Every structure is written in structure tokens, then in C-alpha cells.
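Residue numbers (the working numbering), protein chains in the order written: chain A, 218 to 434; chain B, 31 to 156.
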């Protein structure tokens, strides 16, 4: 774990989980519209862990190859958002968003584009909701599709050593009717964590009124 | 008339924000809070609750499952489901249970309509 000055206190963690929850709930609404099936979400997890541990958290539950749509975001805080699922689910997701009438060849040809667009809808909706609530604009990169295992997804910056801690947010999703499941994950490194901590403080003061803070913490 | 509103959300922040939104419209209403469905049902068996505002995505039973339990003991209590998750199935289930929808993040404006409607309904109830 990390030095106490960087840890989020209980209320900050709660606020961050709630921001993510609202963002991901909107994202799920968009995804449901795309796949035509209900999307089920877990409760979000917020953890400050080593970069290695973030990869392990996903990897230890997944023995198969993974596929991810990745979008980097940049602003007062920066990081990476990922829509991750087992590679075995990829074509089912492509079929779900592209329509059942396409042939397997047509679907295969569409695969990367369909995955990127799905990720784009889900991740943008999540990031934009959080940015709006924190009143901070975020630049969001174009989506791209990566295949591999955990560590590939979580390398934010080559110059940062493995010892660095990251803020790791993740939530499970499942599309029961299509046998698709995966994760929505967000990763931020230390300078972003500090910036985010300050923004969450402002957000809390704004929504709760600073005079009430003492009473609840 | 003073009503008691039960606020159920696993997020403390969300409970505080909801509570403040209630105060904005009805400062005198009594507010009680629960962090999950089990706590909410325990409170309901102990206290007189007039209306409930329930989060959807919670550990354990979700907000609709809780609303279903509440309907077994109270068929008419005004209940609102607070969520940013507007999937068709969730809306349909909420309708079946006669549960209103409130968009998260909760604001006094967003919650006001539900509260005023609930106040009218409770006043006209026998």
C-alpha cells in the first residue's frame, strides 16, 4: 500500500465510488441500447494498489486471453479507462451490437471497429459523467483495441517503475442473455490521485455544504 | 403534516445528498437512513415510514428487490428508485411495482416532484 498522505479517507472513497457508480450506470444504459439485452452491474471497487496488483486483480480471475478497448483521458487528472472481457466473448459482443443477421465473415470483418465503438460509448459515458460532476473537462483519446493479458493493459507510462501505486477502480458487468461478461476499469497514477483527491474535496463541499462536513465524518 | 422518509443507499455521500434534497423541499420531515436492503427492512419493522427513496445498485439485494419486499408489507407507500441506470428492464420492473424513477445525481429539483406527489398522496390517504 502507500503513504497515508495519499490515501483517500472514507468519505472521499465513498464519493469516488458513487461517482463511478453513476457514470457506469449511465454507461450500462447506453450499452443496453446497443445490445438489446439487460446489462447487469456489480458495485464498484475503489482501491489504491501497486500497478502489478491491479493487473493481478483482473488476471487471477481470468485464465484466458483478454481483449480490451482502451481510452486514455487527460485533464487535471489523467489516466486510462478500459472495457475488458475474455477474448472468447469478443464475437458474441460484436454480434450483439451489430445484429444477428450478419454472416460470421461479415462479423469478423467488423470485429475491431464494433468493439472500439462499443468501448467508446461505454467509456465516454462513464468519463463524461464523472468529469461533469467534478466540473473538470477531460480530453478523451480515440478508442483502440488491445489483446493480451493484464500487464499490457495497465502500463500507464514506461518511465514509471512497477513499484508505483495506482488508483484502480473497477466494476463487473454481464449481459446475461448473451453470455458476455467483463470489467470496466479505470487506472490513475499518483499525481492524478492527488489532483483527484483535491477535486473530490471540492465536490464534497459543493454537494454537501462545507458546514455539514464535520457532522458526517 | 410531517412525514418520515426512509433513505436507502450504500453510499454515505448519496444519503447525505438525498437528505439535503428532502430538506430543501420539506425541512420538517423526519429522515431515517439505511445502508442496504436488510437494514432498511429492519427499520421498516421498527418505525413508521411514510415514503422511501432507494438506490438501485447496492451490495446484497438491489433497490428493486428491496422495493418488492416493501410492497409485500405496504402496497401503497410512495417509493422512488434513485439511479442513473435507465435500462428498459429496470424501468419496466419499477413500473410494475409502482415505483417512481429519480435520476442520479439527486438534486432538490429532481426529487421535488416525487416528494410533492408523495405528500399529496399521503395527505389524501385515509
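Where a beta carbon is used, it is the ideal one built from N, C-alpha and C, also for glycine.
Note that the coordinates shown come from a computational prediction; the quantities given were computed from them, not determined experimentally.
Anyone know if the C-beta pair for residue i and residue j falls short of 7 angstroms?
i, j, result
"residue 370(A)", "residue 268(A)", "no"
"residue 133(B)", "residue 243(A)", "no"
"residue 388(A)", "residue 259(A)", "yes"
"residue 261(A)", "residue 238(A)", "yes"
"residue 81(B)", "residue 108(B)", "yes"
"residue 48(B)", "residue 100(B)", "no"
"residue 323(A)", "residue 311(A)", "no"
"residue 292(A)", "residue 352(A)", "no"
"residue 360(A)", "residue 286(A)", "yes"
"residue 404(A)", "residue 336(A)", "no"
"residue 97(B)", "residue 127(B)", "yes"
"residue 150(B)", "residue 33(B)", "no"
"residue 90(B)", "residue 124(B)", "no"
"residue 309(A)", "residue 397(A)", "yes"
"residue 320(A)", "residue 331(A)", "no"
"residue 294(A)", "residue 413(A)", "yes"
"residue 138(B)", "residue 51(B)", "yes"
"residue 145(B)", "residue 235(A)", "no"
"residue 197(A)", "residue 224(A)", "The first residue shown for chain A is 218 and the last is 434, placing residue 197(A) beyond what the model contains."
"residue 257(A)", "residue 391(A)", "yes"
"residue 338(A)", "residue 253(A)", "no"
"residue 229(A)", "residue 417(A)", "yes"
When the Cα of residue i is compared with those of the options, which residue comes out closest?
i, options, result
"residue 265(A)", "357(A), 300(A), 407(A)", "407(A)"
"residue 105(B)", "129(B), 84(B), 89(B), 119(B)", "129(B)"
"residue 45(B)", "56(B), 126(B), 99(B), 112(B)", "112(B)"
"residue 278(A)", "413(A), 366(A), 424(A), 423(A)", "366(A)"
"residue 349(A)", "240(A), 314(A), 253(A)", "240(A)"
"residue 400(A)", "230(A), 416(A), 412(A), 245(A)", "245(A)"
"residue 421(A)", "225(A), 224(A), 315(A), 232(A)", "232(A)"
"residue 383(A)", "304(A), 402(A), 248(A)", "402(A)"
"residue 283(A)", "301(A), 257(A), 356(A)", "301(A)"
"residue 249(A)", "126(B), 116(B), 93(B)", "116(B)"
"residue 355(A)", "341(A), 272(A), 368(A)", "341(A)"
"residue 298(A)", "418(A), 252(A), 357(A)", "357(A)"
"residue 55(B)", "154(B), 155(B), 141(B)", "141(B)"
"residue 121(B)", "139(B), 137(B), 94(B)", "94(B)"
"residue 334(A)", "411(A), 426(A), 362(A)", "362(A)"
"residue 76(B)", "31(B), 41(B), 155(B), 36(B)", "36(B)"
"residue 288(A)", "345(A), 416(A), 224(A)", "345(A)"
"residue 102(B)", "62(B), 63(B), 74(B), 69(B)", "74(B)"
"residue 313(A)", "411(A), 415(A), 394(A)", "394(A)"
"residue 119(B)", "86(B), 148(B), 59(B), 40(B)", "86(B)"
"residue 343(A)", "290(A), 426(A), 225(A)", "290(A)"
"residue 60(B)", "154(B), 155(B), 31(B), 39(B)", "31(B)"
"residue 364(A)", "303(A), 230(A), 270(A), 229(A)", "303(A)"
"residue 410(A)", "424(A), 423(A), 381(A)", "381(A)"
"residue 40(B)", "131(B), 92(B), 79(B), 155(B)", "92(B)"
"residue 251(A)", "424(A), 270(A), 419(A), 317(A)", "317(A)"
Does residue i come within less than 7 angstroms of chain E when only Cβ atoms are used?
i, result
"residue 315(A)", "Chain labels in this structure do not include chain E; the protein chains are A and B."
Determine the chain B residues that contact residue i at a beta-carbon separation under 8 angstroms, and present them in chain order.
i, result
"residue 239(A)", "114, 134, 135"
"residue 234(A)", "41"
"residue 358(A)", "In chain order: nothing, as chain B lies at least about 24 angstroms away."
Name the chain A residues that come within less than 7 angstroms of residue i, Cβ to Cβ?
i, result
"residue 117(B)", "245, 246, 249, 255, 256"
Which chain A residues sit within Cβ distance under 8 angstroms of residue i?
i, result
"residue 89(B)", "260"
Along chain B, which residues have their Cβ under 9 angstroms away from the Cβ of residue i?
i, result
"residue 350(A)", "135"
"residue 280(A)", "Those within 9 angstroms of residue 280(A) in chain B number zero; the least Cβ separation is about 26 angstroms."
In chain B, what lies closer than 7 angstroms to residue i by C-beta?
i, result
"residue 403(A)", "By Cβ distance, chain B contributes nothing, its closest Cβ being about 16 angstroms from residue 403(A), past 7 angstroms."
"residue 231(A)", "41, 42, 43"
"residue 409(A)", "Residues of chain B passing the Cβ test: none, with the nearest at roughly 21 angstroms."
Residues of the stretch 36-56 of chain B with a CB closer than 8 angstroms to any CB of chain A: list them in chain order, please.
40, 41, 42, 43, 44, 46, 47, 50
In the stretch 412-427 of chain A, which residues sit with their C-beta less than 8 angstroms from some C-beta in chain B, listed in chain order?
421, 424, 425, 426
Which ranges does the alpha helix (DSSP H) cover as unbroken runs of at least 4 residues, wholly within the stretch 252-280 of chain A, from first to last along the chain?
268-276
Members of the stretch 316-349 of chain A that neighbour chain B once the beta carbon cut-off is set at 8 angstroms
346
Ordered list of beta strand (DSSP E) runs contained in the stretch 119-154 of chain B, each at least 3 residues
As far as the stretch 119-154 of chain B is concerned, its whole beta strand (DSSP E) runs of at least 3 residues are 130-133.
So within the stretch 292-359 of chain A, which uninterrupted alpha helix (DSSP H) runs reach at least 4 residues, ignoring any that extend past its ends?
Runs of the alpha helix (DSSP H) inside the stretch 292-359 of chain A: 307-315, 321-351.
Near-chain B residues of the stretch 296-309 of chain A - C-beta to any C-beta below 7 angstroms:
none
Start-end ranges of the alpha helix (DSSP H) lying completely within the stretch 32-90 of chain B, minimum 4 residues
42-55, 67-76
Note down, one range per segment and in chain order, each beta strand (DSSP E) of at least 3 residues found wholly within the stretch 89-119 of chain B.
109-113
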